[in-house]
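Asker: Counting with UniProt numbering, you get residues 1 to 210 for the letters of the sequence shown.
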Amino acid sequence: MTQPATGALPQRRLVDPAATRSVYPLLGSLVVPRPIAWVSSRSQSGIDNLAPHSFFTVVSTSPPIVMFSSMGEKDTVRNIRATGDFVVCGTPASSLEAVNLTSVEFGPDVSEFDAIGLTREPSATVASARVAESPYALECRLVEIHPMGNGLVVYGEVTCIAVDEAVLVDGRVSIDLLDPIARLGGSDWSRIGEVTTRRRLTVEEFMSVT
Ligand SMILES: Cc1cc2nc3c(=O)[nH]c(=O)nc-3n(C[C@H](O)[C@H](O)[C@H](O)COP(=O)(O)O)c2cc1C
């Protein structure tokens, strides 16, 4: 790999988080695109809650564990604390308007499923409902809620992965059929653009091509 010539290094603006009122907009614009977890949870009184979270990823595959971070104690976290489970549902481009509407800060007595007109689908292993309009659902049992800065990081072990056969081609997930939306900075969203394929190289292959 060739290094850029001296003098060609970028002019960087340095941002000191400690001296900045909020780095949230900047971080949100830089750490992109973010997949969206449409988190379904059920309150102790049986209200089905649904909210998008883009601070979300897989943290372990064996056992499978996912995480999302809530900026403070909201209905989603309160429900999961109380009941111990949740479901991460996929967000296809066709669901963008509905996903956005589920971020409205309804009170805990309002089910976003009913307010927005989404279909509950029973889960196989947890009480929280799947979203029938989602191409996949990760049913999760709460592992831990870990306070981190102003975030509450929710870790869940995936107890069932339910994938709509309609997004599978020869048993594999088709990215075109999954058609996920991602979160960008501000109020921006995006779809998957051009897809290219590169296999990871072995060290020997690396040595032979460089
Ligand atoms: C695309 C998108 C991504 C979001 N990601 C997060 C997130 O990662 N963490 C968070 O706390 N709020 C996030 N929000 C805001 C929550 O969805 C919003 O506060 C919601 O009302 C929380 O619902 P609840 O009170 O039912 O938990 C996001 C909103 C949108 C539209």
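We put the beta carbon where it would ideally sit given N, CA and C, even for glycine.
Just so we're clear, the structure is a prediction, and the values are computed from it rather than from any experiment.
1. Nearest-angstrom Cα distance between Pro52 and Trp38?
2. Please confirm if the segment 88-104 is in contact with the segment 145-154, defined as three or more CB-CB distances below 8 Å between the two stretches.
3. With Arg81 as the anchor, note down where its alpha helix (DSSP H) starts and where it stops.
4. Any heavy atom of ligand 1 closer than 8 Å to the beta-carbon of His146?
5. In the DSSP assignment, find the beta strand (DSSP E) that holds Asp48 and state where it starts and stops.
6. Looking only at its chain, what residues have a beta carbon closer than 7 Å to the beta carbon of Asp85, apart from the 5 residues adjacent to it on each side?
7. What number of angstroms, rounded off, separates the C-alpha of Glu165 from the C-alpha of Tyr136?
8. Out of Glu112, Leu96, Ile116, Arg42, which one is the CA nearest neighbour of Ser187?
9. Kindly indicate which residue of Asp170, Gly185, Ile192 has the alpha-carbon position closest to the one of Asp176.
10. Taking the beta strand (DSSP E) that Thr30 belongs to, which residues open and close that run?
11. CA-CA distance, Leu118 and Arg130?
12. Can you tell me which of Ile36, Glu105, Ser22 puts its alpha carbon nearest to the alpha carbon of Ala93?
13. Quick one: residues in its chain with C-beta nearer than 8 Å to the C-beta of Pro17, no 5 flanking neighbours on either side, listed in chain order?
14. Between Ser43 and Gln11, what straight-line distance do the alpha-carbon atoms span, to the nearest angstrom?
15. Hey, would you say Val59 sits closer than 9 Å to Met67, going by beta carbons?
16. If we count the other Cβ atoms within 10 Å of its Cβ and call it buried at 16 or more, is Ser62 buried or exposed?
Answerer: Once the coordinates are examined:
1. Rounded to whole angstroms, Pro52 to Trp38 spans 4 Å at the Cα level.
2. no
3. 75-83
4. no
5. 48-53
6. Val126, Ala127, Ser128, Cys140, Arg141, Leu142
7. So the two alpha carbons sit approximately 9 Å from each other.
8. Leu96
9. The residue with the shortest Cα to Cα distance from Asp176 is Ile192.
10. Residue identity check: residue 30 is Leu in the sequence provided, not Thr. Where Leu30 is concerned, there is no enclosing beta strand (DSSP E), although the alpha helix (DSSP H) it sits in stretches over 24-30.
11. 10 Å
12. Selection Ile36, Glu105, Ser22 evaluated against Ala93 yields Ile36 as nearest (Cα-Cα).
13. Val23
14. 50 Å
15. yes
16. exposed
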